[in-house]
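The sequence shown begins at 57 in the numbering used here and counts up by one. The C-beta atom is built at its ideal place from N, Cα and C for all residues, glycine as well.
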Amino acid sequence: MSDRSSPWYAEGLRFGCTRCGACCRGEGHVWVDAAEAGRLAENLGLELGDFGRRYLRLVGNRLALTDAPGPDRACVFWDGGCRVYPARPTQCRTFPFWRDLLSDEDAWREAAELSPGINRGRRYALAEIERLLSGDGAAADAPELSEAS
């Protein structure tokens with residue numbers, strides 16, 4: 057009998073970034089907070105107001121990055137690689153360890169069909185995954201997740 061309090065991924069999960077950009081294209085929003093917007097603006101050498109006018113939009117009551125023009129709904133900073141990699145938002149730093157992708161095994165399997173790095177690469181232990189889910193910045197800079205695209 058399994059421990060019902062343990063998540064389905066209690067034995068850990070594998071991920072290795074392939075730099076394919078699958079997580080940078082498609083449906084969804086890249087949410088940013090004020091601190092992340094500031095880092096992105098600084099990375100691009102822009103004043104925060106200029107950055108906001110060019111690259112942010114309000115979705116409900118939250119800030120999100122705009123999409124690049126085109127049908128694939130790519131992040132505005134995706135151009136065959138991430139143009140703001142050192143300053144990328146936490147959401148980008150922690151892919152694929154997002155609550156919705158970890159909600160159940162089916163969600164994880166669906167994500168793996170889109171991202172070739174899921175279920176490959178090094179194994180992330182439960183404690184590491186929980187740190188990523190908590191938004192711990194140190195965990196978000198884990199080597200496998202922070203290497204340049």
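In three-state terms, what does DSSP make of Asp128? Here residue 128 refers to the residue found at position 72 when the sequence shown is read from its first residue. The answer is coil: DSSP assigns Asp128 none of H, G, I, E or B.
Please identify the residue among Cys148, Ala130, Gly84 and Gly94 whose C-alpha is closest to the C-alpha of Val115. Within the sequence shown, the letter at position 59 stands for residue 115. Val115 has its Cα closest to that of Gly84, out of Cys148, Ala130, Gly84 and Gly94.
Arg144 in three-state terms, based on DSSP: Here residue 144 refers to the residue found at position 88 when the sequence shown is read from its first residue. Coil, per DSSP.
Secondary structure of Leu102, DSSP reduced to three states: Along the sequence shown, read from residue 1 onward, the residue named residue 102 stands at position 46. Three-state DSSP puts Leu102 in coil, outside helix and strand.
Give me, in chain order, the residues of the same chain whose beta-carbon lies closer than 6 Å to that of Phe151; leave out the 5 immediate sequence neighbours on both sides. As a working note, residue 151 is residue 95 in the sequence shown. So the list reads Cys79, once near-sequence residues are dropped.
Grouping DSSP H, G and I as helix and E and B as strand, with all else coil, what is Arg149? The count along the sequence shown starts at 1 and reaches residue 149 at position 93. Three-state DSSP puts Arg149 in a helix.
Three-state secondary structure assigned by DSSP to Phe133: In the sequence shown, counting from the first residue as 1, residue 133 sits at position 77. In this structure, Phe133 counts as coil in the three-state DSSP scheme.
Within the same chain, show all residues whose beta-carbon is closer than 7 Å to that of Ala130, passing over the 5 residues directly before and after it, in chain order. Against the sequence shown, residue 130 aligns to sequence position 74. Within the same chain, Ala130 has close Cβ partners Cys80, Arg81, Asp123 and Ala124.
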